[in-house]
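Just so we're aligned: the sequence shown equals residues 1 to 268 in this note's numbering. Just so you know, even glycine gets a beta-carbon here, dropped at the ideal spot from N, CA and C. Treat the numbers as computed from the prediction; the structure is a model and nothing was measured.
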Amino acid sequence: MKIGLTIQRINSALKLGLDSLSPSILAILIQSTSMLLCFLMSIVLRFTLDSPPSIVFYVVFQAAFAAFLTFLWELDWWWIVIQFLFPLLVPILLIAEISPTYYLCGFVFLTLIYWSIFRTQVPYFPSTSALLPAVLNLLPPDSKFRFVDVGSGLGGLLFKLSAVRKESSFVGIEIAPLPWAISYFRAWFASSPVRFIFGNYERANFGEYDVVFAYLSPVAMSNLWVKAIAEMKPGTLLLSYEFIIPDVEPDLCINIAEKEPFLYVWRI
């Protein structure tokens, strides 16, 4: 009885510890566990079978087992796809004998776009042009306002809004170096009044803005709401494209276009 209770406590503590990890770290642990299991299996089968399985068997097994563990841990569906494809693609790319220079260029490029995802869990999502009329209709019609896009990417929405509402102030905050650099120099070359800040939006003061727009990820929405209600002034607007805030009913749900995600609006 005591042994069973001890095992249950260990399992609970282990699950609690793993649940506190970011999905990316957990995915690495799952893939490492699958690889270790395949290695141990290969040793056992080498000494127990006259004709051990080929390397293809172990690669496919590792891919399938990693995807299965990812599914059990209820990570998002794209993690399951990544976990399955990763072990399959590694030997294929090694056989292809691609120059290391291409790997380095690819690594640098992806790092400049997604380098913060391990910490923020917010990947780069380009927004759609269909957002523009919906957002414009929500802005104060007869007064100046300050608008901030947290996670502004390449700045497309801000440039378009600024061209229509020239009297108002538009700011973009982006933590990924490459999208920020592109948007910054776009504004510089075009002499645009839009200002782009390199950094984490969590360090910004939402109280300085009348409208806060976000296109982040489901993971970030709860913290975004906590920050919004703590800092934003009464009557200001929080807009979120595609992603809802858990357990917080939006004041408006706008269907911006057919087969496009909704734009959600909360009035603080």
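Integer Cβ distance of residue i from residue j, believed to fall under 8 Å
{"i": "L161", "j": "L136", "result": "7 Å"}
{"i": "G207", "j": "E231", "result": "5 Å"}
{"i": "I173", "j": "S152", "result": "6 Å"}
{"i": "F147", "j": "Y209", "result": "7 Å"}
{"i": "I268", "j": "A228", "result": "6 Å"}
{"i": "V265", "j": "Y201", "result": "Not quite, the Cβ-Cβ distance comes to about 18 Å (not below 8 Å), so this is no contact."}
{"i": "V211", "j": "L139", "result": "7 Å"}
Whole-angstrom distance between residue j and residue i, CA atom to CA atom
{"i": "W225", "j": "I245", "result": "7 Å"}
{"i": "P234", "j": "A204", "result": "18 Å"}
{"i": "P177", "j": "C105", "result": "15 Å"}
{"i": "V44", "j": "S54", "result": "14 Å"}
{"i": "L93", "j": "F170", "result": "44 Å"}
{"i": "K259", "j": "S51", "result": "53 Å"}
{"i": "L40", "j": "D247", "result": "45 Å"}
{"i": "R46", "j": "V56", "result": "15 Å"}
{"i": "T101", "j": "Q83", "result": "25 Å"}
{"i": "S222", "j": "A64", "result": "33 Å"}
{"i": "A190", "j": "G156", "result": "13 Å"}
{"i": "P261", "j": "W188", "result": "32 Å"}
{"i": "Q31", "j": "L88", "result": "12 Å"}
Residue i classed as buried or exposed, judged by whether at least 16 other C-beta atoms fall within 10 angstroms
{"i": "F243", "result": "buried"}
{"i": "W77", "result": "exposed"}
{"i": "A214", "result": "buried"}
{"i": "C253", "result": "exposed"}
{"i": "S34", "result": "buried"}
{"i": "P91", "result": "exposed"}
{"i": "S129", "result": "exposed"}
{"i": "A163", "result": "exposed"}
{"i": "I175", "result": "buried"}
DSSP state of residue i mapped onto helix, strand, coil
{"i": "R267", "result": "strand"}
{"i": "F71", "result": "helix"}
{"i": "N255", "result": "strand"}
{"i": "V212", "result": "strand"}
{"i": "L49", "result": "coil"}
{"i": "F61", "result": "helix"}
{"i": "F198", "result": "strand"}
{"i": "S42", "result": "helix"}
{"i": "F262", "result": "strand"}
{"i": "S240", "result": "strand"}
{"i": "E249", "result": "coil"}
{"i": "S222", "result": "helix"}
{"i": "N11", "result": "Note that N11 scores a pLDDT of 48, beneath 50, so its modelled location is shaky; the value from the coordinates is reported in the next line. Note: N11 maps to helix in three-state DSSP."}
{"i": "S217", "result": "coil"}
{"i": "K227", "result": "helix"}
{"i": "A204", "result": "coil"}
{"i": "P91", "result": "helix"}
{"i": "I175", "result": "coil"}
{"i": "I98", "result": "coil"}
{"i": "M35", "result": "helix"}
Cutoff 8 Å: residue i Cβ touching any chain C Cβ
{"i": "L94", "result": "Within the model displayed, chain C is absent; a lone protein chain is all it includes."}
Task: Those runs of the beta strand (DSSP E) which lie wholly inside the stretch 132-173 and span at least 3 residues - done: Qualifying beta strand (DSSP E) stretches, in chain order: 146-150.
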